[in-house]
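First comes the structure, then the notes that go with it.
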Amino acid sequence: MGRLAEISTEVMNEDQKKIFAVVRPDYTGVVGGPASAWLRSPDLYERLGWMIGYMRHESGIPPRLLEVVILMTVGEWGSEYPWARHEPLARKGGLGDEVISALADGKRPDFTNADEEAVYNFCTELKERHSVGDATYAAALEHLGEQGLVEIIAVLGLYTTVSMTVNAFEIPDIG
Numbered sequence: 558m559g560r561l562a563e564i565s566t567e568v569m570n571e572d573q574k575k576i577f578a579v580v581r582p583d584y585t586g587v588v589g590g591p592a593s594a595w596l597r598s599p600d601l602y603e604r605l606g607w608m609i610g611y612m613r614h615e616s617g618i619p620p621r622l623l624e625v626v627i628l629m630t631v632g633e634w635g636s637e638y639p640w641a642r643h644e645p646l647a648r649k650g651g652l653g654d655e656v657i658s659a660l661a662d663g664k665r666p667d668f669t670n671a672d673e674e675a676v677y678n679f680c681t682e683l684k685e686r687h688s689v690g691d692a693t694y695a696a697a698l699e700h701l702g703e704q705g706l707v708e709i710i711a712v713l714g715l716y717t718t719v720s721m722t723v724n725a726f727e728i729p730d731i732g
């Protein structure tokens with residue numbers, strides 16, 4: 558059991574119900590994952606919920622590249638809930654088992670796809686150096702374009718927030 562009381566659509570207050578109905582239409586029952594914490598601040602949940610939805614369904618970044626960033630980030634935080642959610646999405650999106658396994662072990666994958674390696678290098682360098690060198694930037698830009706680079710950075714921040722939320726509140730995976 559996590560640090561927060563379980564929240565379900567039956568016990569939400571009016572503000573929570575209103576926002577939840579917009580972000581997750583037609584869903585009823587127990588709310589899991591970081592949303593179970595974010596609903597304590599309905600306006601924050603609305604904004605983060607839209608961001609997740611945008612990245613998942615509207616971004617032009619290929620799903621396997623998004624999942625490289627997500628798995629790198631949640632893996633670094635040891636955040637089990639989002640890892641369990643995103644590992645199958647990574648496979649479905651076309652990310653290879655070897656890459657997923659290496660990320661699960663906290664190791665640098667042996668990449669066969671140049672775009673995956675460029676994204677990995679960009680994210681790693683940004684996190685470790687707090688900047689990105691010209692060659693790394695150019696390689697990532699070649700594969701993602703300017704909009705893609707902006708969105709990749711947003712995904713890094715978003716899934717750091719997801720991981721921090723899940724870890725701080727000890728949010729269990731409710732399946």
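For the sequence shown, our numbering gives the first residue as 558, with consecutive numbering after it. Don't be surprised by glycine CBs; every beta carbon is placed ideally from N, CA and C.
- By the Cβ neighbour-count rule, Trp595 is buried, with 16 or more other Cβ atoms within 10 Å of its own.
- Assignment of Ser636 by DSSP, reduced to helix, strand and coil, places it in the coil class.
- Burial of Glu624 is indicated by the presence of at least 16 other C-beta atoms within 10 angstroms of its C-beta.
- Val723 sits in a helix when the DSSP states are folded into three classes.
- Per DSSP, the unbroken alpha helix (DSSP H) holding Asp572 starts and ends at Glu571 to Val580.
- Under the DSSP assignment, Val568 falls outside any alpha helix (DSSP H); it carries neither an H nor an E label.
- Rounded to the nearest angstrom, the gap between the Cα atoms of Val689 and Glu571 is 45 Å.
- Contact check between the stretch 656-663 and the stretch 691-700: fewer than three CB pairs, one atom from each, fall below 8 Å, which does not count as touching.
- Annotated as proximal: Pro639 and Gly590, with beta-carbon spacing under 9 Å.
- The stretch 704-714 makes no contact with the stretch 662-675: fewer than 3 CB pairs, one atom from each, lie closer than 8 Å.
- Cα atoms of His700 and Gly632: separation of roughly 24 Å, rounded to the nearest angstrom.
- From the listed residues Glu603, Leu601, Met721 and Gly651, the smallest Cα separation to Leu622 is found for Gly651.
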